[in-house]
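In my numbering, the protein residues as written are 174 to 541.
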């Protein structure tokens, strides 16, 4: 049997590995010059907007909500089809989670339903760019302006994606990125928050390190309750090395996605993603299996043929935590159906063309 093909695998070049070794030898391994350099590089990618880096792409959303003034008594609208962190951060700031269903074609939040769900208590919306396909930013910001809502973009999967030629992160309100190991670029663990203005910088920095501010040689104060969410220089150096490959990584992902579309057997009855090769960064290539094909059997069958398959994501309102808040099956039929049957196929820049051929052939054998 050929080597096992995982659904994703990061590529770390030798220069980056050597750079990490230099950081380790330097004696400065926590937040320092590498983190500042990473922030500057990310800011350049985002059109010069202020960017601050953090220990995860989860805390970035939470801090985005806090900077937007969201808290107890507020409502925040989001999608049930995402990693559960998207909704958990709303609870972390004391606000109420309000789910609405997804568009069955894009699998992203249905903005028409968002508009209908707005109440006098709605303060913000968290859209998710599932698999790197951007939510319609024109419609999103038209709606947010009309309804006076703050936006915290969960762009965890969308680094390197764009909207009508503009990189995601280069415009809009708060934009949260993740650099987890399975993302298009990684810092092993980590994230970044793009800020809508320089007036947010001071609080954004204090919230990531215990609310501390410094002045002069020895001045220190704590005037806000912060946490511990700083990014280490070790992680930042990995991120800097990855950022240099972003264009190449994105181009290769698009090539692989095109090959999936050209080879996938349509008679298998799977729902394929939207064929967007201008905006999407193709973070994942996901198919929705036919209803009669149990996903667990598909995953097991593909594994037997040496192919890894991921699940991203079950509809989160059906998790025990959210059932306890009153959510239940039947409320969001599109998200529930997709969440039961969606399967993430291998897609990462180091894959060869024949790896896609191998995945498509295996799927024909398992589903045929």
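For glycine and all other residues, C-beta sits at the position ideal for the given N, C-alpha and C.
- The region 391-410 and the region 256-276 do not touch, with fewer than three beta-carbon pairs separated by less than 8 Å.
- Where residue 406 is concerned, the enclosing alpha helix (DSSP H) starts and stops at 406-416.
- DSSP links residue 297 through a beta bridge to 249, 323.
- In this structure, the beta-carbon distance from residue 438 to residue 513 does not fall below 8 Å.
- Boundaries for residue 287: no beta strand (DSSP E) harbours it, while the alpha helix (DSSP H) harbouring it runs 284-290, taken from the DSSP string.
- Assigned with DSSP and collapsed to three states, residue 196 falls in helix.
- In this structure residue 443 is buried. Its beta-carbon is surrounded by 16 or more other beta-carbon atoms within 10 angstroms.
- Residue range 419-436 is occupied by the alpha helix (DSSP H) that includes residue 424.
- Taking the CA atoms as reference points, residue 430 sits about 12 Å from residue 305.
- For secondary structure counted as the alpha helix (DSSP H) over 4 or more consecutive residues, the region 190-245 holds these complete runs in sequence order: 206-218, 232-240.
- For residue 343, the secondary structure class from DSSP, reduced to helix, strand or coil, is coil.
- Across the set 263, 486, 396, the C-alpha of 486 shows the shortest separation from the C-alpha of residue 281.
- With fewer than 16 other CB atoms across the displayed protein chains lying within 10 angstroms of its CB, residue 198 is exposed.
- When DSSP states are grouped into helix, strand and coil, residue 349 belongs to the strand group.
- Taking each of 205, 223, 533 in turn and checking the Cα distance to residue 373, the smallest one comes out for 223.
- Residue pairing by DSSP places residue 534 opposite no residue, since no beta bridge is assigned to it.
- For residue 400, the closest C-alpha among the options 533, 376, 414 is that of 376.
- About 6 Å separates the beta carbon of residue 511 from that of residue 254, a gap short enough to meet the 8 Å contact definition.
- The beta-bridge partner set that DSSP reports for residue 270 consists of 249.
- At the C-beta level, residue 424 and residue 403 stay beyond 8 Å of one another.
- With contacts defined by Cβ atoms closer than 8 Å, residue 299 and residue 359 do not form a contacting pair.
- Minimum Cα-Cα distance from residue 248 among the listed residues 355, 507, 387, 324 corresponds to 324.
- Burial state of residue 295 is buried, judged by a 10 Å Cβ sphere holding 16 or more other Cβ atoms.
- Take residue 467, set aside five residues on each side of it, and no residue of its chain has a beta-carbon closer than 8 Å to its own.
- Residue 332: not part of any beta strand (DSSP E); DSSP gives it neither H nor E.
- A check of alpha carbon separations from residue 433 across 201, 285, 527 identifies 527 as the nearest.
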